[in-house]
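Beneath this line is the structure, given in structure tokens, with notes to follow.
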Ligand code: NA7
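In our numbering, the protein residues as written are 31 to 490.
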């Protein structure tokens, strides 16, 4: 996959190509959005003092944009520098010669750790929960492969759009329990060598719904970790055992497990000996103090709802989204919520979003919303609002689909378990982008069933 500079330059290219810069106001935080029933408009306040009135409000705040820095005692006393991976300095950070601590071994920590280890004098990795990580196998693409991909762009895009995960993968029908042990092992080996999310999507059909099947994949990955990591105790610590594979986002890595064979890297088990405080000199766990020049918090995000409820969105009767969602979010098809007219959320909770290929999920939402807005304009609709009944129906369906998988049992940011006090439930929709797309299209085809539309042409 592409690195940060390549992604940034692509986004700049897109902004220029479609002349989008004139529609973007940078360095502006939306501080409030209040629904005004009298004018049927959103009144939007910003950090720059601008005030904007809008008929429709579409949020595109990202699922992983509200950083989670755990409230460690003493952080303000630390005399070195600290960073959160989600707010990385644009000019980069040089850890050469430093003693560095990384807290967190999720997808981000797993990508950062091998890179930091190459620079740091010594790296301490503070791990609470180990992860089932698959090799990313990133490599330069040769001209022939590139040409093949370019020639097939349209087919790849179409296949991704109508797939379960939003990727152009070939989804197998077979269960992991349907094949003999040696064949199963060969299949896992083939996909381990191929790397990436193929291992989850193309090996077997039932890894996320059948614990026994899942155990076979989990066991294979644990054996791989033990093959790579030379110190068996460290390998044990790096091997997850208390949750099924794929029920947390499986991180992809480049020489992550190999990094623990380096002399300048120490794995610290903070499950057994938790971090008690940050001191002026470093990190103190129950058993020891680690002196550090820099601390990197790879501690994740208040995902899916954090950035939305931070905006102070007020719907009908002055109720805020935060209040409405105090016991967990309720949405209609992950795009709208009752009591908040003319508000659409791109990749909102209870939509596939982070359980699928994000750009494909975003595109589906952007297209659906654009079609909806055209329909509303054609029919002179002033106001569109999900009914509470339709929302309840979607939430019930979401819960049923979630509970048919192994995912809700595992503590992760998918289930809100990483933020203290956050309601524990599965936030993204696990029913597949293909099924979800059909559900959204059916709503539109039935002239926005589940929404109440009001406007002069409708006589309502
Ligand atoms: P994640 O996946 O939420 O990982 C956060 C990590 O930080 C995880 O290992 C946590 O351990 C650890 N953590 C969080 N709080 C603490 C405290 N208080 N003490 C010790 N360790 C802690 O975030 P990422 O940024 O890696 O990934 C987010 C997504 O971005 C990723 O899945 C991709 O979709 C892109 P825990 O597991 O909770 O025990």
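Just so you know, even glycine gets a beta-carbon here, dropped at the ideal spot from N, CA and C.
Everything numeric in this text was worked out from a predicted model, so none of it was measured.
Next on the checklist: Closer than 7 Å to a non-hydrogen atom of the ligand NA7 - does that hold for the CB of residue 448?
Outcome noted: Proximity of the beta carbon of residue 448 to the ligand NA7 is indicated: a heavy atom of the ligand is located closer than 7 Å.
Checklist entry - Does the ligand NA7 have a heavy atom nearer than 7 Å to the CB of residue 384? => result Result yes, Cβ under 7 Å from the ligand NA7.
Checklist entry - Taking contact to mean at least 3 C-beta pairs separated by less than 8 Å, is the stretch 31-46 in contact with the stretch 320-330? => result Verdict: no, contact absent.
Checklist entry - Residue range of the beta strand (DSSP E) that residue 414 falls in? => result It spans 411-416 - the beta strand (DSSP E) in which residue 414 sits, taken as one unbroken run.
Next on the checklist: Alpha carbons only, please: which of 376, 146, 372 is nearest the one belonging to residue 292?
Outcome noted: When C-alpha distances from residue 292 are compared across 376, 146, 372, the shortest belongs to 146.
Next on the checklist: With a threshold of 8 Å on Cβ separation, who are the neighbours of residue 205 within its own chain once the five nearest residues in sequence on each side are excluded?
Outcome noted: If we look at residue 205 and ignore the five residues flanking it on each side, its Cβ neighbours are 234, 235, 236, 240, 243.
Checklist entry - Do residue 326 and the ligand NA7 come close, with the Cβ less than 7 Å from some heavy atom? => result Closer than 7 Å to some heavy atom of the ligand NA7: that does not describe the Cβ of residue 326.
Checklist entry - Looking at C-alpha atoms only, which residue of 316, 116, 148 is the closest neighbour of residue 127? => result Selected option, being the one with the closest Cα: 148.
Checklist entry - Can you pull the DSSP bridge partners for residue 75? => result Looking at the DSSP output, residue 75 sits in a beta bridge with 62, 81.
Item to check | Paired residues, beta bridge with residue 424 - DSSP | outcome: Residue pairing by DSSP places residue 424 opposite no residue, since no beta bridge is assigned to it.
Next on the checklist: Tell me the DSSP secondary structure of residue 314 in three-state form.
Outcome noted: Reduced to three states, the DSSP call for residue 314 is strand.
Checklist entry - Would you report the Cα separation of residue 54 and residue 310, rounded to the nearest angstrom? => result Going by the C-alpha atoms only, they are around 42 Å apart.
Next on the checklist: Counting C-beta neighbours from all protein chains within 10 Å, is the total for residue 195 16 or more, i.e. buried, or is it exposed?
Outcome noted: When all chains shown are included, residue 195 counts as buried.
Next on the checklist: Distance check for residue 415 and residue 483, CA to CA, integer angstroms please.
Outcome noted: Taken atom to atom, the span from the alpha-carbon of residue 483 to that of residue 415 is near 7 Å.
Next on the checklist: For residue 114 and residue 91, what's the separation of their Cα atoms in angstroms?
Outcome noted: Per the coordinates, the alpha-carbon of residue 114 lies some 18 Å from the alpha-carbon of residue 91.
Checklist entry - Does the ligand ADP have a heavy atom nearer than 7 Å to the CB of residue 458? => result This structure lacks the ligand ADP; its bound ligands are the ligand NA7.
Checklist entry - Is the Cβ-Cβ distance between residue 313 and residue 131 less than 8 Å? => result The answer is yes: Cβ separation under 8 Å.
Checklist entry - Taking the DSSP output, what are the residues bridged to residue 350? => result BP columns for residue 350 point to 344.
Checklist entry - In terms of DSSP beta bridges, what is residue 321 paired with? => result Residue pairing for residue 321: DSSP places it in a beta bridge opposite 312.
Next on the checklist: So, for residue 265: in the same chain, excluding its five sequence neighbours on each side, which residues have a beta-carbon less than 6 Å away from its beta-carbon?
Outcome noted: Same-chain partners within the cutoff: 255, 256, 259.
Item to check | CA-to-CA distance, residue 466 to residue 434, given in whole angstroms | outcome: If you draw a straight line from the Cα of residue 434 to the Cα of residue 466, it comes to about 16 Å.
Checklist entry - Of all the options 219, 172, 281, which has the alpha carbon lying nearest to the alpha carbon of residue 442? => result Restricting attention to 219, 172, 281, the CA atom closest to the CA of residue 442 is found in 281.
Checklist entry - Since residue 98 sits in a beta bridge, which residues does DSSP pair it with? => result The partner list for residue 98 (beta bridge, DSSP) is empty, contrary to what the question assumes.
Next on the checklist: From the DSSP secondary-structure annotation, give me the bridge partner or partners of residue 157.
Outcome noted: 299, per the DSSP bridge assignment.
Item to check | Cβ-based burial, residue 98 [other Cβ within 10 Å; buried from 16] | outcome: Burial state of residue 98 is buried, judged by a 10 Å Cβ sphere holding 16 or more other Cβ atoms.
Checklist entry - What is the rounded straight-line gap between the Cα of residue 402 and the Cα of residue 74? => result Computed Cα separation, rounded: 22 Å.
Checklist entry - Which residue from 444, 272, 389 puts its Cα closest to that of residue 335? => result In terms of Cα proximity to residue 335, the closest of 444, 272, 389 is 444.
Checklist entry - Any chance the CB of residue 202 is under 7 Å from a heavy atom of the ligand NA7? => result Because no heavy atom of the ligand NA7 lies under 7 Å away, the Cβ of residue 202 does not count as near it: no.
Checklist entry - How about the stretch 350-359 and the stretch 134-144: do they share at least three Cβ pairs that are nearer than 8 Å? => result No: the two stretches stay apart, fewer than three of their Cβ pairs being nearer than 8 Å.
Item to check | Run of the beta strand (DSSP E) containing residue 113, from where it starts to where it stops | outcome: Its beta strand (DSSP E) spans residues 111-114.
Item to check | Rounded C-alpha distance that separates residue 437 from residue 277 | outcome: Their backbone Cα atoms lie some 4 Å apart in a straight line.
Next on the checklist: Only counting the same chain, and skipping five residues up and downstream in sequence, which positions put a Cβ closer than 6 Å to that of residue 317?
Outcome noted: Same-chain partners within the cutoff: 303.
Checklist entry - In three-state DSSP terms, what is residue 391? => result Three-state DSSP puts residue 391 in a helix.
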